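Heads up: the structure comes next, in structure tokens.
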Amino acid sequence: MIEQSWMRGIFPRIIARNSNRLRPNVMRQLFFAALILPATLFIGYFFVVPVFLFLSQGFMKDDLSSALKETHAALGRDGTEGLASEAAYAALFADIKASTRIELGRIAGELSNTNPEMRRILLVTSKSISSEKGNVLSHKDWFAAQSELWLAPETWAAIDASRARLTLRYLKSTAPWPTTDISESVPGGRVHFFTIFLRTIVTGSMVSILCLAFGLPVAYLLHVTSKRMSANIFFLVLVCFWTPILARTLIWIVVFQREGVLNGLSETFLGEGGEGLLGTRVAVIVGMTHILLPYMILPLYDGMRKIPPEQLRAGLSMGATPLRALLLVYVPQLSTSISAGLLIVFTLTAGFYLTPLLLGGSGDQMVSFYTAFYGQRIGDWHSAAALSIWLMIVMITAGLTASACISLIRSVARARHVTI
Numbered sequence: 554m555i556e557q558s559w560m561r562g563i564f565p566r567i568i569a570r571n572s573n574r575l576r577p578n579v580m581r582q583l584f585f586a587a588l589i590l591p592a593t594l595f596i597g598y599f600f601v602v603p604v605f606l607f608l609s610q611g612f613m614k615d616d617l618s619s620a621l622k623e624t625h626a627a628l629g630r631d632g633t634e635g636l637a638s639e640a641a642y643a644a645l646f647a648d649i650k651a652s653t654r655i656e657l658g659r660i661a662g663e664l665s666n667t668n669p670e671m672r673r674i675l676l677v678t679s680k681s682i683s684s685e686k687g688n689v690l691s692h693k694d695w696f697a698a699q700s701e702l703w704l705a706p707e708t709w710a711a712i713d714a715s716r717a718r719l720t721l722r723y724l725k726s727t728a729p730w731p732t733t734d735i736s737e738s739v740p741g742g743r744v745h746f747f748t749i750f751l752r753t754i755v756t757g758s759m760v761s762i763l764c765l766a767f768g769l770p771v772a773y774l775l776h777v778t779s780k781r782m783s784a785n786i787f788f789l790v791l792v793c794f795w796t797p798i799l800a801r802t803l804i805w806i807v808v809f810q811r812e813g814v815l816n817g818l819s820e821t822f823l824g825e826g827g828e829g830l831l832g833t834r835v836a837v838i839v840g841m842t843h844i845l846l847p848y849m850i851l852p853l854y855d856g857m858r859k860i861p862p863e864q865l866r867a868g869l870s871m872g873a874t875p876l877r878a879l880l881l882v883y884v885p886q887l888s889t890s891i892s893a894g895l896l897i898v899f900t901l902t903a904g905f906y907l908t909p910l911l912l913g914g915s916g917d918q919m920v921s922f923y924t925a926f927y928g929q930r931i932g933d934w935h936s937a938a939a940l941s942i943w944l945m946i947v948m949i950t951a952g953l954t955a956s957a958c959i960s961l962i963r964s965v966a967r968a969r970h971v972t973i
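Read in order, the letters of the sequence shown correspond to residues 554 to 973 in my numbering.
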């Protein structure tokens, strides 16, 4: 009895004490959750959901269940034996006759994957069906009179496969392998997707290295100079950061064109003029470096603010030159800031569209150009989404590879008793 009364007395006190401690924490967490809830809903509805819906087009086909309803029903009843039966042709005749213009476009897009001529043939067939007044005795013979491609097994295999929504066809056709080509209708002719992705990675790497080479001295000058001079330099960096990309790109067009400033200086000092750098890879890299340089300076400057300036003076007092002291004292302690700057610049280069379009030629365009080309000019949003998926995979792989390399360098440096 005494033990039971003690148990009844101690447990309520423990529960009351813990509840008094937990209640403020729970209320605080609920308060912070309520603060970030509007931003979370906004980002989720206007960013996450649209991005997911767009990327899902890369492995989904157009819904043809309403456009080819009778045809799918006929194929479902007869199976593979009805791919070329009279009932299947009669159902296809009725579906094409009842289809709207948008539905015909979707059917044409599906059939053109087997043969590009099927888009034109379907439009001609649709006009013939609309003008057909009498009864058709044999739908199969009627389609054969329109084109022999209506009798091809590949055509009916594509119609039968259109019943499924999920597909890997767009991912396979846009895969960054040397075997997949872009159509000759795009600028630059028939090129490999592998070449385009490799060009994107190489251009992004070169721009990132140049931004690091130019941004490190500017960040160092911001850190060691007087407050007044630092404020002036920082203002110039922010002005470049705030200037629209289009305006800066147009300025480089004036500089790089044949009658531009750079070509005029070469004529003055060298005595002869060239064709100008506009439309070359050099112009693209210079323009992108100028635009992305602030994204490298700001992380480096933030990292340098945490380094005491006495360390640099100590290195100088021990006989090191300013450049050597910068590389041996500052750079090892800026590994996190350097990694962040390189990652930001390299990621932003993958989405550049306007600058390569205006400053480069047909052989200087990157993945973003072909994504926009498929989506806006051709209207093939499935291929555009598939290219975006591959670009995301390639960028994640490149980022993980760079992170692994940095970790390896740090482990080697620790083995040699060097702090990085």
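From the three backbone atoms N, C-alpha and C, an ideal C-beta is built for every residue, glycine too. Just so it is clear, the structure is predicted and the values come from calculations on it, not from any experiment.
Item to complete: Give the straight-line distance between the Cα atoms of R752 and I712, rounded to the nearest whole angstrom.
Response: 37 Å
Worksheet item: Quick one: Cα of D734 to Cα of T727, how far?
Response: 8 Å
Discussion item. Using only CA atoms, which one of R659, H745 and S890 lies nearest to K859?
Written reply: S890
Worksheet item: Can you list, in chain order, the residues of its chain whose CB lies under 6 Å from that of G824, leaving out five sequence neighbours each side?
Response: Below a pLDDT of 50, predicted positions are generally treated as unreliable, and G824, at 45, falls in that range; no measurement from the model is reported.
Practice prompt. Please state whether DSSP places R811 in a helix, a strand or coil.
Written response: R811: coil per DSSP, three-state reduction.
Practice prompt. Would you identify the three-state DSSP class for M871, choosing helix, strand or coil?
Written response: coil
Item to complete: Can you tell me which of the three DSSP states L881 falls into?
Response: helix
Worksheet item: Three or more C-beta pairs closer than 8 Å, one from the stretch 692–700 and one from the stretch 589–606: is that the case here?
Response: The stretch 692–700 is not in contact with the stretch 589–606.
Practice prompt. Can you give me the Cβ contacts of I754 inside the same chain, cut-off strictly under 8 Å, excluding the 5 residues immediately before and after it?
Written response: V947 and A951
Fill in: Sequence-distant residues of the same chain with beta carbon closer than 7 Å to A893, five excluded per side
P852
Fill in: Separation of H935 from L895, as counted between CA atoms
31 Å
Discussion item. I'd like to know whether the C-beta atoms of L876 and V760 end up nearer to each other than 9 Å.
Written reply: no
Worksheet item: By Cβ distance, which residues of its chain are closer than 7 Å to E701, with the 5 residues on each side in sequence left out?
Response: none
Fill in: Euclidean distance between Cα positions of Q610 and F746
19 Å
Practice prompt. Compute the distance between the beta-carbons of P770 and F750, then report whether it is under 9 Å.
Written response: no
Worksheet item: So what's M613 in DSSP terms, helix, strand or just coil?
Response: strand
Item to complete: Can you give me the Cβ contacts of A772 inside the same chain, cut-off strictly under 7 Å, excluding the 5 residues immediately before and after it?
Response: I850, L853, Y854 and M857
Worksheet item: What first and last residue would you give for the alpha helix (DSSP H) that runs through A647?
Response: E639 to A651
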